[in-house]
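Here is the structure we will look at, set down as structure tokens.
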Amino acid sequence: MSASPVVTRFAPSPTGHLHVGGARSALFCWAYAKNQGGRFMLRIEDTDAARSSDDSARGIMEDLAWLGIEWDDGPVLSLADGRTVGGDARGVGPYFQARRVSLYNRCAEQLVKAGRAYPAFETPEVIDAQRREAVAAKKTYRYPRPEEIEPGRFNDALKARWDRALAGESHVLRFVAPAHEIIVQDRVLGAVKIAAGELDDFVIRKADGFPTYHFAVVVDDETMGVSHVMRAQEHLANTPRHVALQQALGFRTPIYAHMPLIMNMDNSKMSKRDKAKAARAKLQERVSKGLTPAAAAAALELPESEVASFLAKDNDSLAVAERIARVYDVTLPEIEVCDFRAAGYLPEAMCNFLGLLGWNPGMKSPDGKDLEKFDLAFLRQHFSIERIGRTNSKFDRLKLLAFNADAIAALPDAEFAARWRHWCEEFEPALVRAVPTDRWPWLARAVKARARTLRDGAKAAAFALLDDASYTLDQGAVAKHLQSAGGAGLRLLADARARLAAAEPFEPEVLHGVLEQMAQQNGGMGLVAQPIRVAIAGVAVSPPLPESLAVLGKARVLARIDRCIGLAST
RNA sequence: GGCCCCAUCGUCUAGCCCGGUCCAGGACGUCAGGUUCUCAUCCUGAAAACAGGGGUUCGAAUCCCCUUGGGGUCACCA
4 MSASPVVTRF APSPTGHLHV GGARSALFCW AYAKNQGGRF MLRIEDTDAA
54 RSSDDSARGI MEDLAWLGIE WDDGPVLSLA DGRTVGGDAR GVGPYFQARR
104 VSLYNRCAEQ LVKAGRAYPA FETPEVIDAQ RREAVAAKKT YRYPRPEEIE
154 PGRFNDALKA RWDRALAGES HVLRFVAPAH EIIVQDRVLG AVKIAAGELD
204 DFVIRKADGF PTYHFAVVVD DETMGVSHVM RAQEHLANTP RHVALQQALG
254 FRTPIYAHMP LIMNMDNSKM SKRDKAKAAR AKLQERVSKG LTPAAAAAAL
304 ELPESEVASF LAKDNDSLAV AERIARVYDV TLPEIEVCDF RAAGYLPEAM
354 CNFLGLLGWN PGMKSPDGKD LEKFDLAFLR QHFSIERIGR TNSKFDRLKL
404 LAFNADAIAA LPDAEFAARW RHWCEEFEPA LVRAVPTDRW PWLARAVKAR
454 ARTLRDGAKA AAFALLDDAS YTLDQGAVAK HLQSAGGAGL RLLADARARL
504 AAAEPFEPEV LHGVLEQMAQ QNGGMGLVAQ PIRVAIAGVA VSPPLPESLA
554 VLGKARVLAR IDRCIGLAST
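In our numbering, the protein residues as written are 4 to 573.
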């Protein structure tokens with residue numbers, strides 16, 4: 004008899020973008036399946052009809068694909084390179100839970116007929132009231148099982164309830180929680196025991212006919228052949244419910260591995276609401292400095308009432324937060340995978356960093372230091388559940404940034420140029436338009452060491468975007484590098500203009516030679532470079548000059564120098 | 001609050017299972033130097049942790065217990 008194949012799954016609900024925590028879960032599930040020669044499955048848990056959307060499902064799939072986490076089984080997605088991921092090779096689909104409702108209903112009926120589930124007719128309002136009462140009395144609320152329900156027996160009372168349900172009366176289905184202790188054998192945490200009586204008769208099918216998460220998960224993991232359930236620890240408390248359900252349905256219990264959580268640096272939960280918090284903090288700071296809400300609303304082009312409610316924490320609208328970020332120049336924290344992509348992070352850096360949050364290879368690199376740089380190929384080769392940690396980790400963006408900087412530095416120049424351009428086409432198109440294609444590699448080379456993110460690269464390249472006839476010259480820089488010492492810098496600049504006008508071809512190597520020669524004749528590169536830099540960039544900071552000059556081209560360089568000399572001489 | 005999980009530098013962590021080789025190693029960050037045409041990169045060095053208290057033991061970061069602290073979860077959300 005062969006060992007059952009390893010099948011892991013990532014099962015997001017399509018109610019928004021892919022969160023980094025979800026990405027880490029998916030990464031580990033993928034890595035383990037691949038390590039074991041098994042299959043990684045993607046299932047969309049869209050049983051919350053009101054909050055789910057196809058756009059979200061698609062966005063999550065695209066984010067996973069961007070990271071390089073590709074699923075063997077699941078919805079089909081076409082990639083940019085023409086390949087597709089997903090499919091139903093094992094014939095266990097569909098992979099959207101909303102399309103599996105009849106399956107859940109069959110299982111639910113089986114439970115009812117076995118006396119392990121029953122229709123309940125209280126309205127949500129009634130249940131809420133009971134719950135509030137319990138909270139007010141400082142007691143733990145547990146749904147009180149009707150006395151007429153006998154565990155394991157489809158008695159007359161249950162039959163009567165079932166008939167009412169079949170007749171169309173609004174109801175939910177509740178599970179008859181077991182009277183015995185439940186033990187979850189977790190591969191990360193060990194044996195977790197839940198005493199009998201801790202579980203109450205939870206809902207397995209909602210009034211709208213959709214299964215609850217607990218029920219759908221259990222039915223799907225069984226019918227889809229999932230062997231290993233790896234998920235975040237926030238699900239640990241749900242697991243006894245799932246085990247109880249499996250036992251009642253006669254299902255196998257998969258192997259569980261609960262991973263530690265990823266938290267903010269302040270130990271709060273990472274959530275998309277952090278964006279609203281950051282924007283609100285900024286706006287409040289402005290308001291405390293005298294900005295009136297009315298003026299803010301005008302600047303934001305939003306109704307005053309909406310701004311007021313946002314400020315009052317009555318809503319966490321992402322749209323408002325993003326508007327504030329743009330108008331008041333706040334950087335919203337990246338929370339979702341697409342945020343990191345837009346911020347100019349490389350997928351390999353994300354996967355590497357995420358792979359180290361709660362797991363590590365426990366290996367040394369050739370230089371004897373702990374090995375912590377690796378790619379997806381390494382991860383799938385070496386991943387193991389045994390090395391998953393038990394403690395929550397904080398998401399340190401500075402370390403991620405360092406990883407990203409290293410990943411960029413490790414890219415060959417040509418590849419960086421291509422990938423950076425690709426990113427700019429989507430997020431910084433003006434730069435792509437401003438620089439001729441054949442000069443792009445020079446720009447990329449000049450910018451690479453300054454780019455901890457692809458967006459940094461675009462910032463460093465800002466000089467290329469300036470309008471030759473109207474860009475601002477920093478007065479301090481002009482005074483320091485051009486006008487001081489009796490205008491020595493200006494005289495050098497005039498000399499440089501003449502030499503640059505004669506430089507041919509106008510390419511980095513030639514320009515480097517021109518500058519070197521000037522440096523030798525004029526007391527060092529520092530004295531020569533800064534005046535030219537101020538002239539062409541308007542400020543005393545820019546990427547290396549030879550490349551910068553070549554990117555602009557002779558005509559623009561001469562125009563800028565002429566304008567600068569004119570402005571600085573008066 | 002009930003239940004559950006966790007506990008090594010500021011942060012991610014190695015070491016813990018199979019006690020001694022650990023006055024605890026690496027990385028990020030920080031600080032101090034150096035290289036460099038600015039900025040950045042790069043190089044060198046430094047400071048920085050076993051939460052506390054009890055056990056067990058010749059010996060504990062490693063095993064046990066308690067305290068404290070942090071986290072998760074208590075929906076007709078997933």
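Using N, Cα and C, we set each Cβ at its ideal position, and we do this for glycine too.
Looking at the strands, I want to know which residues DSSP matches up with residue 189. 193, 259
Terminal residues of the continuous alpha helix (DSSP H) containing residue 226? 216-226
Which residue or residues does DSSP assign as beta-bridge partners of residue 481? In the DSSP output, where bridge partners are listed per residue, residue 481 has none listed.
Straight-line Cα distance separating residue 61 from residue 266: 26 angstroms
In this structure, how does DSSP classify residue 397 when only helix, strand and coil are distinguished? strand
Here's a check: name, in chain order, each residue in its chain whose Cβ is nearer than 6 angstroms to the Cβ of residue 511, leaving out the five neighbours to either side. 445, 549, 550, 553
Count the other CB atoms, across all protein chains shown, that sit within 10 Å of the CB of residue 7; report buried if there are 16 or more and exposed otherwise. exposed
Mind checking whether residue 247 and residue 303 have CB atoms under 8 angstroms apart? no
Over what stretch of residues does the beta strand (DSSP E) that includes residue 353 continue unbroken? From DSSP, residue 353 is part of no beta strand (DSSP E) but of the alpha helix (DSSP H) over 350-358.
On the CB-based measure, 16 or more other CB atoms within 10 Å of its CB, does residue 82 come out buried or exposed? exposed
Relative to the C-alpha of residue 317, which candidate in 292, 451, 283 has its C-alpha closest? 283
Under the rule that 16 or more other beta-carbon atoms within 10 Å means buried, what is residue 372, buried or exposed? exposed
Would you tell me roughly how many angstroms separate the C-alpha atoms of residue 273 and residue 338, rounded to the nearest one? 7 angstroms
Where does residue 270 land, buried or exposed, given buried means 16+ other C-beta within 10 angstroms? exposed
Residue 10, DSSP secondary structure in three states: strand
Where residue 490 sits in the DSSP three-state scheme: helix
Helix, strand or coil for residue 512, going by three-state DSSP, please let me know. helix
Can residue 200 and residue 262 be called in contact, C-beta distance under 8 angstroms? no
Cα-Cα separation, residue 4 to residue 184: The pLDDT assigned to residue 4 is 41, lower than 50, so where the model puts this residue is not dependable; a value taken from the coordinates is nonetheless given after this. For residue 4 and residue 184, the distance between alpha carbons rounds to 32 angstroms.
Got a sec, what are the start and stop residues for the alpha helix (DSSP H) residue 308 sits in? 307-314
Could you name the residues of the same chain whose beta carbon sits closer than 8 angstroms to that of residue 9, not counting the 5 residues immediately before and after it, in chain order? 35, 36, 39, 40, 41, 42, 230, 231
Would you mind stating whether residue 406 and residue 356 have Cβ atoms separated by less than 8 angstroms? yes
Are residue 501 and residue 543 close, meaning C-beta to C-beta below 8 angstroms? no
Quick check on this structure: which residue in 402, 382, 451 has the alpha carbon closest to the alpha carbon of residue 415? 451
Between which two residues does the alpha helix (DSSP H) carrying residue 555 extend? 548-555
Please say whether residue 225 and residue 254 have beta carbons closer to each other than 8 angstroms? yes
Does DSSP classify residue 132 as helix, strand or coil? helix
Less than 8 angstroms between the C-beta atoms of residue 124 and residue 174, yes or no? yes
In DSSP terms, what residue 362 is bridged to: 391
Where does residue 265 fall in DSSP's three states? strand
Quick one: using the 10 Å Cβ neighbour count with 16 as the cut-off for buried, is residue 25 buried or exposed? buried
In chain order, which alpha helix (DSSP H) runs of at least 4 residues are fully inside the segment 88-119? 104-116
Stretch-stretch touch, CB-based, cutoff 8 angstroms, three pairs: the segment 464-481 with the segment 515-526: no
Cβ contact check for the segment 389-408 and the segment 44-54: 3 or more pairs under 8 angstroms: no
Between the segment 104-117 and the segment 212-226, do three or more beta carbon pairs fall short of 8 angstroms? yes
Is the segment 490-510 touching the segment 421-435 in the sense that three or more CB pairs, one from each, lie closer than 8 angstroms? no
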